[in-house]
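Trainee: Going by the numbering used here, the residue at position 34 of the sequence shown is 37; the numbering climbs one at a time, nothing skipped.
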Amino acid sequence: MVPFTIFCGECEQCQRGNYSVCERSNRNRALADKAFGHGGAGLFGYSHLTGGYAGGQAEFVRVPFADTTHIKVPSTLTDEQVLFLGDIFPTGWQAAVQCDIQPTDTVVVWGAGPVGQFCVRSAVLLGAKQVVVIDNVPERLSMAEAGGAIAINFDNESVLSRLKDLTNGKGPEKCIDAVGLEAHATRSLDSMYDRVKQAMMLESDRAHVLREMIYVCRPAGVLSIPGVYGGLVDKIPVGALMNKGLTVRTGQTHVNRWTDDLLRRIEEGQIDPSFVITHTVGLDQGPEMYKTFRDKQDGCVKVILKP
Ligand SMILES: NC(=O)c1ccc[n+]([C@@H]2O[C@H](COP(=O)([O-])OP(=O)(O)OC[C@H]3O[C@@H](n4cnc5c(N)ncnc54)[C@H](O)[C@@H]3O)[C@@H](O)[C@H]2O)c1
Numbered sequence: 004m005v006p007f008t009i010f011c012g013e014c015e016q017c018q019r020g021n022y023s024v025c026e027r028s029n030r031n032r033a034l035a036d037k038a039f040g041h042g043g044a045g046l047f048g049y050s051h052l053t054g055g056y057a058g059g060q061a062e063f064v065r066v067p068f069a070d071t072t073h074i075k076v077p078s079t080l081t082d083e084q085v086l087f088l089g090d091i092f093p094t095g096w097q098a099a100v101q102c103d104i105q106p107t108d109t110v111v112v113w114g115a116g117p118v119g120q121f122c123v124r125s126a127v128l129l130g131a132k133q134v135v136v137i138d139n140v141p142e143r144l145s146m147a148e149a150g151g152a153i154a155i156n157f158d159n160e161s162v163l164s165r166l167k168d169l170t171n172g173k174g175p176e177k178c179i180d181a182v183g184l185e186a187h188a189t190r191s192l193d194s195m196y197d198r199v200k201q202a203m204m205l206e207s208d209r210a211h212v213l214r215e216m217i218y219v220c221r222p223a224g225v226l227s228i229p230g231v232y233g234g235l236v237d238k239i240p241v242g243a244l245m246n247k248g249l250t251v252r253t254g255q256t257h258v259n260r261w262t263d264d265l266l267r268r269i270e271e272g273q274i275d276p277s278f279v280i281t282h283t284v285g286l287d288q289g290p291e292m293y294k295t296f297r298d299k300q301d302g303c304v305k306v307i308l309k310p
């Protein structure tokens, strides 16, 4: 199994297990250093800032540092059970681990896409008191409910008042952003503001979820952000973030830091990651399925392509 992070295993960051900020695998590092101050690792199928490597949805993939990055999987497990160890399962897991979940915690996950689904299952496995998921796609909410979450459809009810009800007015201790830069919102002034600024090229990302998390999170709580942001956002309530004493944890996933443990949990039957697969098609149907996924048609949550 090949992780989406490309890393050398030898540099200072890799030695510390910080694989997604490997100092050697990003062949466009100078560009990334300029944009971010310090660039991160090379990633398959991401952007030029992460090395411009082609994605893995292909008949063949060239894998740099292959001696270091591959994860050996036992033949007793199916491809479908182990495939998501390369990205979304450890991503959901790292997001939950970064929350330092306690048995008394309410964990709220924004976004019930593939990553959000694994955040929910991971928070349940890590023993949260209650796990809540927010989205507006009914079949995604149902899938998360099957994994143990309480669902909030932001089209039909107020996220703020429902979270208040669920936490006796105190707010959730732990908040996970599994949406990232393309957040949608209904009836929200700040999301209209983002859309206008984006259209005028004055802002790159839409930060509605980040703002909502800062607002609802219980003081001294944790915001964990696996959702990807690319550039600059506006109107982040830093005053609330600071005065509430919130901790922010984020990052691309250090995939191999987690995979031994997660592989063991799959083998022990604690979780079967294939629950998230809704469609299996050949590679030639890829373009069509990308549209289906983008438009959230046909109950599509996760597609696997079989070359
Ligand atoms: N950190 C990492 O290493 C890593 C790895 C993989 C993916 N990601 C990122 O994680 C994020 C989620 O990935 P995905 O594949 O699940 O994406 P996705 O687009 O399938 O899911 C996002 C979900 O968020 C929902 N959403 C939109 N606006 C919302 C709002 N205001 N409140 C609640 N939900 C809202 C959408 O309806 C959708 O179901 C993306 O940003 C992706 O790039 C990060």
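Ideal Cβ positions, reconstructed from N, Cα and C, are used throughout, including at glycine.
Can you say whether G130 is buried or exposed, counting buried as having 16 or more other CB atoms within 10 angstroms of its CB?
Mentor: Classification for G130: exposed.
Trainee: Report yes if the C-beta of Q255 is less than 6 Å from at least one heavy atom of ligand 1; otherwise report no.
Mentor: Q255: yes, Cβ under 6 Å from ligand 1.
Trainee: Assign T109 to one of two classes, buried (16 or more other C-beta atoms within 10 Å of its C-beta) or exposed (fewer than that).
Mentor: So T109 counts as buried.
Trainee: Say yes only if the C-beta of G234 is nearer than 6 Å to one or more non-hydrogen atoms of ligand 1, and no if none qualify.
Mentor: For ligand 1, not one heavy atom lies less than 6 Å from the Cβ of G234.
Trainee: Could you tell me the distance, in whole angstroms, from the CA atom of E13 to the CA atom of F39?
Mentor: Using only the alpha carbons, I get a separation of about 23 Å.
Trainee: Please name the residue, chosen from N159, P175, D208, that lies closest to T189 on a Cα-to-Cα basis.
Mentor: Looking at the Cα atoms, N159 is the closest of the given residues.
Trainee: Which of helix, strand or coil does DSSP assign to S227?
Mentor: Note: S227 maps to strand in three-state DSSP.
Trainee: Does the distance between the C-beta of R221 and the nearest non-hydrogen atom of ligand 1 fall short of 6 Å?
Mentor: No - ligand 1 has no heavy atom lying nearer than 6 Å to the Cβ of R221.
Trainee: If you measure between the beta carbons of S277 and E83, is that distance less than 7 Å?
Mentor: Cβ distance < 7 Å, so S277 and E83 count as in contact.
Trainee: Taking 6 Å as the limit, tell me which residues put their C-beta closer than that to any heavy atom of ligand 1, in chain order.
Mentor: Taken from the N-terminal end onward, the list reads D90, I91, T94, W113, G114, A115, G116, P117, V118, G119, I137, D138, N139, V140, R143, F157, A181, V182, G183, A186, H187, A188, H211, V212, P229, G230, V231, Q255, T256.
Trainee: If V136 sits next to V162, beta carbons under 8 Å apart, how far is it from one beta carbon to the other, in whole angstroms?
Mentor: Going by Cβ atoms, the distance from V136 to V162 rounds to 11 Å, so no, they are not a contact pair.
Trainee: What is the residue span of the beta strand (DSSP E) that N31 lies within?
Mentor: Segment: none, N31 is in no beta strand (DSSP E) and carries neither H nor E.
Trainee: What three-state label does DSSP hand K167 in the structure shown?
Mentor: Three-state DSSP puts K167 in a helix.
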